[in-house]
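Chemist:
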Amino acid sequence: MIETMEEQATEVFAEHRELLFSIVYSMLGTVTDTEDVLQDTWLAWVSRHRSELDEITSPRAYLVRIAVNNALSRRETLARRRETYVGPWLPEPLVADTPEVRDSADAAEIALRGESVSLAMLVVLETLTPLERAVFVLHEVFGYPHAEIGAMLGRATPAIRQLAHRARDHVRAKRPRYQADARTQRAVTERFLAAQLSGDVTGLLELLAPDVTFLSDGGGLLRAALRPVHGPDKVARLLTSRMVLSSVPDMTIRYGWTNGEPSAVVCSGGAPAAVLLLDVDADTGKVRTVYAIRNPEKLTHLRG
């Protein structure tokens, strides 16, 4: 049976979709916007595939170039959205029941770079300019050479090299220290929630680092701390307060993985109400940062 050109285009796009998703999500930090960018990339690919199939010598290179430039355009929309965002902004979580296992060689390679999409890293990447972030993601995470990135972005190689250097220095300065291994992180998460839900302030304080920070993203749609909360005493008392503990009726906890790290999904009546992830110091086993994503718009893709 002879495939139509559109079927051929669909097969090629499907082969590269996982790579495209990983690159774009690393640039944007939201699932919904990443899916929108991939849809735009797909439409551009199908249109080009119909008329200029013979001229596309490397479908992968073409698709990455279109996706990256579409993502940069989307960053302008995100920047305007952030100007009016209520409270701390955290990335839209990628949640799974188990660490993702991918079949293709390219995808397996991406999985090994899990730190690039960790919540802590994505928060750091938010402090870069859109171009710096694109160059950092493409070069440091996915290994594209400066010249190839320049061709994608329409910039000279020396300019790309300068952007890469600036971005790398910035990330190194703000980059979180080594994260605890997954077993430790899971154990600390379970102890943390047990102490919080039982109102055990002393037990919670034993788990918190002296410089701990609590970040809660409600997006103005649910009650959440409008500013980062610093210090173990303030964080422990807030998390064990009646206001917080009563904000999720019919609560259940589902342990899993968020952005490649052990985490917990807090459910209300069986529906996801929050994603909790802890940044645990590898040396002390203490919690340095508590990330709580409550914005229901960022949890929509977890339902159904």
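Going left to right, the sequence shown walks through residues 2 to 305 as our numbering numbers them. We put the beta carbon where it would ideally sit given N, CA and C, even for glycine.
1) Where does Leu300 sit, in a helix, a strand or coil, going by DSSP?
2) Is the region 246-256 touching the region 269-277, taking contact as three or more C-beta pairs under 8 Å?
3) Give a yes or no on contact between the region 228-237 and the region 63-77, applying the rule of three or more CB pairs nearer than 8 Å.
4) Could you check where the beta strand (DSSP E) with Asp234 kicks off and where it finishes?
5) Reducing DSSP to helix, strand and coil, say where Pro94 ends up.
6) So does Trp46 have its beta carbon nearer than 7 Å to some heavy atom of the ligand FAD?
7) Would you give the residue range spanned by the alpha helix (DSSP H) that Gly204 belongs to?
8) Please confirm whether Val288 and Leu208 have their CB atoms less than 8 Å apart.
9) Locate the beta strand (DSSP E) running through Val266, then write down its first and last residues.
10) For Val87, count neighbouring Cβ atoms within 10 angstroms of its own Cβ and tell me buried if that reaches 16, exposed if not.
11) Mind checking who Arg255 pairs with in its DSSP beta bridge?
12) Cα separation between Gly155 and Met28?
13) Specify the secondary structure class of Arg289 as computed by DSSP and reduced to three states.
14) With DSSP as the reference, label Thr85 as helix, strand or coil.
15) Cutting at 8 Å between CB atoms, please list the residues of its own chain near Arg49, excluding the five before and the five after it.
16) With distances taken from CA atoms, which of Ala160, Phe193, Leu126 is nearest Arg173?
17) Just curious, the beta strand (DSSP E) that Phe143 is in, first and last residue?
18) Between Ser105 and the rest of its own chain, which residues show a CB-CB distance below 6 Å, the 5 nearest in sequence each way excluded?
19) Alpha carbon to alpha carbon, what distance is there between Gly221 and Leu205?
20) Measuring straight from C-alpha to C-alpha, what distance separates Thr241 and Arg224?
21) Tell me whether Gln9 is buried or exposed, calling it buried when 16 or more other Cβ atoms sit within 10 Å of its Cβ.
22) Could you tell me if Tyr179 is buried or exposed, where buried requires 16 or more neighbouring beta carbons within 10 angstroms of its beta carbon?
23) Report all residues from its chain with a CB closer than 6 Å to the CB of Ala196; omit the five preceding and five following residues, and keep chain order.
24) Tell me the DSSP secondary structure of Ile57 in three-state form.
25) Thinking C-alpha only, which one of Thr31, Val65, Thr5, Glu7 is nearest Leu21?
26) Starting from Val213, trace the beta strand (DSSP E) in both directions and tell me its first and last residue.
Modeler: Taking the structure as given:
1) Mapped onto the sequence shown, residue 300 falls at position 299. Residue state, collapsed to three classes: coil.
2) yes
3) Result no; under three Cβ-Cβ pairs closer than 8 Å.
4) Here residue 234 corresponds to residue number 233 of the sequence shown, with the count starting at 1. Element bounds for Asp234: not the beta strand (DSSP E) but the alpha helix (DSSP H), 233-240.
5) Counting from one through the sequence shown, the residue named residue 94 turns up at place 93. In the structure shown, Pro94 sits in coil (DSSP, three-state: anything other than H, G, I, E or B).
6) Annotation note on the ligand FAD: not contained in the displayed structure, which lists no ligands.
7) If you number the sequence shown from 1, residue 204 lands on position 203. From DSSP, the alpha helix (DSSP H) with Gly204 extends over 202-206.
8) Position 287 of the sequence shown, counted from the start, is the residue given in the question as residue 288. Position 207 of the sequence shown, counted from the start, is the residue given in the question as residue 208. Their beta carbons are under 8 Å apart, which means Val288 touches Leu208 by this criterion.
9) Your numbering for residue 266 matches position 265 in the sequence shown. 262-269 is the extent of the beta strand (DSSP E) around Val266.
10) Within the sequence shown, numbered from 1, the residue matching residue 87 stands at position 86. With fewer than 16 other Cβ atoms within 10 Å, it is exposed.
11) Working through the sequence shown from its first residue, we reach residue 255 at position 254. Partner(s): Val266.
12) One-based indexing of the sequence shown puts residue 155 at position 154. One-based indexing of the sequence shown puts residue 28 at position 27. Between Gly155 and Met28, the C-alpha separation is close to 18 Å.
13) Reading the sequence shown from its first residue, position 288 is the one you call residue 289. Here Arg289 sits in strand by DSSP.
14) On the sequence shown, position 84 is the one that residue 85 refers to. Thr85: coil per DSSP, three-state reduction.
15) Reading the sequence shown from its first residue, position 48 is the one you call residue 49. For Arg49, where only same-chain residues beyond five positions count, the Cβ hits under 8 Å are Ile57, Tyr63.
16) Position 172 of the sequence shown, counted from the first residue, corresponds to residue 173. Answer by Cα proximity: Leu126.
17) Taking the first residue of the sequence shown as 1, we reach residue 143 at position 142. That residue, Phe143, is in no beta strand (DSSP E); it is neither H nor E in DSSP.
18) Position 104 of the sequence shown holds residue 105. For Ser105, the predicted structure reports a pLDDT of 38, less than 50, and the residue's modelled location is therefore unreliable. The matter cannot be settled from this model.
19) On the sequence shown, position 204 is the one that residue 205 refers to. On the sequence shown, position 220 is the one that residue 221 refers to. In a straight line, the C-alpha of Leu205 is about 27 Å away from that of Gly221.
20) Taking the first residue of the sequence shown as 1, we reach residue 241 at position 240. Taking the first residue of the sequence shown as 1, we reach residue 224 at position 223. So the two alpha carbons sit approximately 15 Å from each other.
21) Reading the sequence shown from its first residue, position 8 is the one you call residue 9. Exposed, since its Cβ has fewer than 16 Cβ neighbours within 10 Å.
22) Taking the first residue of the sequence shown as position 1, residue 179 is located at position 178. Flag for Tyr179 reads exposed.
23) Here the question's residue 196 lines up with position 195 in the sequence shown. Here Ala196 has Gly204, Leu205 as same chain residues with Cβ atoms under 6 Å from its own Cβ, once five neighbours each way along the sequence are excluded.
24) Taking the sequence shown and counting its residues from 1, one reaches residue 57 at position 56. If DSSP states are grouped into helix, strand and coil, Ile57 belongs with coil.
25) Working through the sequence shown from its first residue, we reach residue 21 at position 20. The shortest C-alpha separation from Leu21 is found at Val65.
26) The residue labelled residue 213 in the question sits at position 212 within the sequence shown. First-last of the beta strand (DSSP E) with Val213: 209-218.
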